[in-house]
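As numbered in the UniProt record's numbering, residues 1 to 285 make up the sequence shown, in order.
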Amino acid sequence: MSDSTVTGPDGHRDEVAVPRTVAVRDGGGVRTLRERFRRPRRPRLWFEILLIGASYWTYSLIRNAVPEQKREALRNADAVWWLEHQLGIAVEASVNHAADSVGWLIIGMNYYYATLHFVITIAVLVWLYRWHPERYAPIRLVLFATTGVALAGYYLFPLAPPRLMRGGHFIDTVMVHQTWGSMASGDLKHMSNQYAAMPSMHIGWSLWCGLTVFALASVPWVRVLGLAYPALTLLVIVSTANHFWLDAVGGVLCLAFGVGVARLWYGRWPQAPGAGLGSGAGQPA
């Protein structure tokens with residue numbers, strides 16, 4: 001409060017109390033700062049390119065730095081194969097041999113496995129950036145958190161893919177058909193950790209792509225393609241003997257974790273209308 005002088009009807013000057021605006025320092029500044037960082041804003045192109053490039057380089061570096069624990073990875077593969085038999089879902093070998101019997105089909109799957117994993121994910125990121133910038137940051141966080149938690153799986157549970165199992169009778173389709181592709185086969189195998197099959201990020205990333213497209217696309221047939229993409233990816237990773245069914249389950253769980261992280265950070269589901277730019281619309285992040 002402060003005193004101010006006013007002139008009354010009789011000409012006398014009286015002192016009256018006038019309220020003064022007081023800055024409240026009860027942690028509001030910290031709260032405002034937190035809300036500022038949590039509010040999605042329009043992304044900067046150069047920053048996104050740098051961030052995605054650096055993140056993928058870091059992911060690859062850490063993934064490949066995990067010790068290749070061959071003995072434990074093969075033992076874990078035997079355990080997963082045994083569990084799938086108990087669950088009645090151990091049909092990967094049959095799918096692998098059936099797909100390999102059709103030359104053009106398995107060659108196409110080899111190239112699909114090697115390329116679309118990256119191409120489609122980048123394409124969806126570009127699409128989000130261009131057409132849905134208000135949703136870009138929350139959905140990108142889902143992808144990053146999904147990929148980050150997968151690193152823990154590679155370290156804690158080394159797992160050989162079916163094609164490297166002892167006595168599993170699986171066909172390494174890239175080796176047999178001499179197609180360019182898997183970083184874990186042929187001359188490229190020394191550039192990638194061969195025993196990081198659990199969880200499957202082919203499934204984690206493809207499901208992220210599919211659900212994002214299904215949630216945000218306006219054209220019906222594009223939404224259908226969004227859902228078909230992870231389903232086809234599941235068939236490919238099994239047909240090429242790069243993953244078990246349960247590896248795919250691990251990928252789904254990683255994605256669920258990523259969605260949960262984004263939900264906690266932004267306070268809304270990533271695709272929810274309220275997760276948009278809000279008052280920060282048009283401002284670069």
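Backbone N, C-alpha and C fix where the C-beta goes; we use that ideal spot for every residue, glycine too. For clarity, every value in this text was computed on a predicted model and none was experimentally measured.
DSSP bridge partner residues for residue i (one or two, in chain order)
i, result
"Leu-159", "Ala-196"
Supposed contact pair residue j and residue i - C-beta distance, whole angstroms, cut 8 Å
i, j, result
"Phe-257", "Ala-145", "6 Å"
"Ile-107", "Tyr-229", "The pair is not a contact, with the Cβ atoms about 20 Å apart (cut-off 8 Å)."
"Thr-233", "Ile-203", "6 Å"
"Asn-96", "Ile-49", "About 38 Å; that fails the 8 Å criterion."
"Ala-262", "Val-142", "5 Å"
Residue j beta carbon less than 8 Å from that of residue i
i, j, result
"Leu-156", "Ala-73", "no"
"Trp-245", "Val-236", "no"
"Val-102", "Thr-212", "no"
"Pro-270", "Val-259", "yes"
"Thr-58", "Tyr-111", "no"
"Ala-93", "Met-109", "no"
"Leu-254", "Val-149", "The sequence given here has Cys at residue 254, not Leu. Yes, they are a contact pair."
"Pro-161", "Ala-114", "no"
"Tyr-195", "Gln-69", "yes"
"Met-165", "Ala-77", "yes"
"Arg-163", "Asn-242", "yes"
"His-117", "Trp-205", "yes"
"Gly-168", "Trp-82", "no"
Residue span of the alpha helix (DSSP H) that contains residue i, given as start and end
i, result
"Trp-208", "201-216"
"Met-109", "103-131"
"Pro-270", "First-last for Pro-270: undefined, no H or E at that position."
"Thr-233", "220-239"
"Met-175", "173-177"
"Tyr-86", "Correcting the residue identity first, residue 86 is Gln in this sequence and not Tyr. Start and end: 70-87."
"His-97", "92-100"
Inter-residue spacing [alpha-carbon to alpha-carbon] between residue i and residue j
i, j, result
"Ala-215", "Leu-128", "12 Å"
"Gly-250", "Leu-207", "12 Å"
"Val-222", "Cys-209", "12 Å"
"Ser-218", "Ala-152", "36 Å"
"Thr-147", "Trp-104", "32 Å"
"Gly-267", "His-177", "49 Å"
"residue 287", "Thr-173", "Because the chain is modelled from 1 through 285, residue 287 falls outside the range shown and cannot be assessed."
"Trp-265", "Arg-71", "40 Å"
"Leu-61", "Ala-79", "28 Å"
"Ala-248", "Val-91", "14 Å"
"Arg-135", "Arg-44", "14 Å"
"Glu-84", "Phe-47", "44 Å"
"Ala-54", "Gly-226", "27 Å"
"Ile-52", "Pro-220", "29 Å"
"Met-175", "Tyr-154", "24 Å"
"Tyr-56", "Asn-193", "15 Å"
Heavy atom of the ligand SAH within 7 Å of residue i beta-carbon
i, result
"Val-91", "Among the components modelled here there is no ligand, and therefore nothing to report on the ligand SAH."
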